[in-house]
Amino acid sequence: DLIIVSRNVGDFIAVIDALTGTEKTYLDTSLVSGGTFDINMVGVADDGAVYVGNLTTSASSSPFILYRWADDSGSSPVTVAFSGDPGATSYPGLRWGDNMAVRGSGPNTQVILAPVFTTNTIVSLLQTTDGINFTATPILLTNVPAGFAQVGLAFGPGTNTFYGKKSGGALYLVQFDLASQTGFAKEVYSSSAVPLSVTAIGTSPTLHLLAGLDASVVPNRVPLYNIADPTRDPAIEDQKGINVVSDNSTLGGVGAVTVGQNYLFVLDSNNGIAAYQIDTNYAALTPFRITQFTDAPGSLPVLSWTAEAGHMYQAQCKNSLEDPAWSLVGVPTLAGGSSLSVTNILLPGVGTSNRVYRVLGF
Numbered sequence: 381d382l383i384i385v386s387r388n389v390g391d392f393i394a395v396i397d398a399l400t401g402t403e404k405t406y407l408d409t410s411l412v413s414g415g416t417f418d419i420n421m422v423g424v425a426d427d428g429a430v431y432v433g434n435l436t437t438s439a440s441s442s443p444f445i446l447y448r449w450a451d452d453s454g455s456s457p458v459t460v461a462f463s464g465d466p467g468a469t470s471y472p473g474l475r476w477g478d479n480m481a482v483r484g485s486g487p488n489t490q491v492i493l494a495p496v497f498t499t500n501t502i503v504s505l506l507q508t509t510d511g512i513n514f515t516a517t518p519i520l521l522t523n524v525p526a527g528f529a530q531v532g533l534a535f536g537p538g539t540n541t542f543y544g545k546k547s548g549g550a551l552y553l554v555q556f557d558l559a560s561q562t563g564f565a566k567e568v569y570s571s572s573a574v575p576l577s578v579t580a581i582g583t584s585p586t587l588h589l590l591a592g593l594d595a596s597v598v599p600n601r602v603p604l605y606n607i608a609d610p611t612r613d614p615a616i617e618d619q620k621g622i623n624v625v626s627d628n629s630t631l632g633g634v635g636a637v638t639v640g641q642n643y644l645f646v647l648d649s650n651n652g653i654a655a656y657q658i659d660t661n662y663a664a665l666t667p668f669r670i671t672q673f674t675d676a677p678g679s680l681p682v683l684s685w686t687a688e689a690g691h692m693y694q695a696q697c698k699n700s701l702e703d704p705a706w707s708l709v710g711v712p713t714l715a716g717g718s719s720l721s722v723t724n725i726l727l728p729g730v731g732t733s734n735r736v737y738r739v740l741g742f
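Under our numbering, the first residue of the sequence shown carries the number 381, and numbering increases by one thereafter.
Written out as structure tokens, the structure is:
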């Protein structure tokens, strides 16, 4: 099942069939009230318990509330798992609820939150001893910028790491220590590997995958990365597109990403939900090469390369080898034959004399 939070014409938490999209039931919202948004983010624990948080712009005057349902049957009553300030007395009055990640089960369930629009570099870990009632532990982080996990937050490998992402910021892997209530950026990944424009993220520790949402281009993109070795940049495995129906520019593109078993689900706000099946037996792409670059005077440059039917390709460029980031040339393209090409539409005042190109295949 897939759990959808909606504030359209009231507060609704729908349970839909993940494979067909059919609405199955709705969760009890009789206790739901309070905050700037009554409900905002949702997460499901390993034991099937459902958690939904509100959004508050100042938790000292309007508490952050975490609601809990024992399951998604529609008959389980809602309870309040936490109501208060996740920053506790050390970091009061911050904005909470823009992001949330859930893992574990029963008394080992953990919920992580990160504040936004603040100069504080903290997160808060909600924990429980009975699987029902939660308390908050704020964790102070070093060598990360404020708001680094504004839209994207997901647990990482092991028991004490998580990933954070915001629009315009790098992907961070943070390690924390609950005893000292401190943490630090263990890895900061290159924007050439994970673009700054990626916002919402989700992970699968079992499959060693991280997926994201990039709403900066049309169609919106869903990149899928291999994170088996967290000491190296995530390696792109695949990339799909989501047709744009309406604008999704708030905070650079808000939404949610989750990986469940061999399925990937992406909520692209205002544009619906995309579902993908992950093929763990997917045949690896064979090596390919750029075969031609045509830069005739008075015409636009054309880049051509060998391709393999059924695989996606994305051309990129930058104006010099020293540039830290690559720019996209065209959109991800599914190959139907043995070759592909793309025309580079130049920005005003930019030439191709020193431009560097590459093509990614996945």
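Ideal Cβ placement from N, Cα and C applies to all residues, glycine included. Because the structure is a prediction, the values reported are computed rather than measured.
Unbroken beta strand (DSSP E) stretches of 3 residues or longer found wholly inside the stretch 455 to 525: 459 to 464, 481 to 483, 490 to 493, 502 to 508 and 514 to 522, given in chain order. With fewer than three CB-CB distances shorter than 8 Å, the stretch 456 to 465 does not count as touching the stretch 417 to 426. When secondary structure is reduced to three states using DSSP, residue 582 falls in the strand class. Across the structure, residue 667 and residue 407 are spaced so that their CA atoms are roughly 49 Å apart. Unbroken beta strand (DSSP E) runs of no fewer than 3 residues, entirely contained in the stretch 384 to 432, are found at 392 to 396, 403 to 406 and 417 to 424, following chain order. Under the DSSP assignment, residue 646 falls in the beta strand (DSSP E) whose first and last residues are 643 to 648. Under the criterion of beta carbons closer than 8 Å, residue 686 and residue 721 do not qualify as touching, at roughly 11 Å. Shown here for residue 405: same chain residues with a beta carbon closer than 6 Å to its own, the five before and five after excluded, namely 395 and 454 in chain order. Taken through DSSP and simplified to helix, strand or coil, residue 631 comes out as helix. In this chain, the beta strand (DSSP E) harbouring residue 684 covers 682 to 686. Residue 649 is not a Cβ neighbour of residue 625, given a cutoff of 8 Å.
Beyond the five residues adjoining it in sequence on each side, residue 411 comes within less than 6 Å, by CB distance, of 458 in the same chain, given in chain order. Only buried fits residue 579, as 16 or more other CB atoms lie within 10 angstroms of its CB. Cβ atoms of residue 658 and residue 644 come within 8 Å of each other, at about 6 Å.
By the Cβ neighbour-count rule, residue 441 is exposed, with fewer than 16 other Cβ atoms within 10 Å of its own.
Taking 8 Å as the upper bound for CB-CB distance, residue 425 and residue 489 are in contact here, some 5 Å apart.
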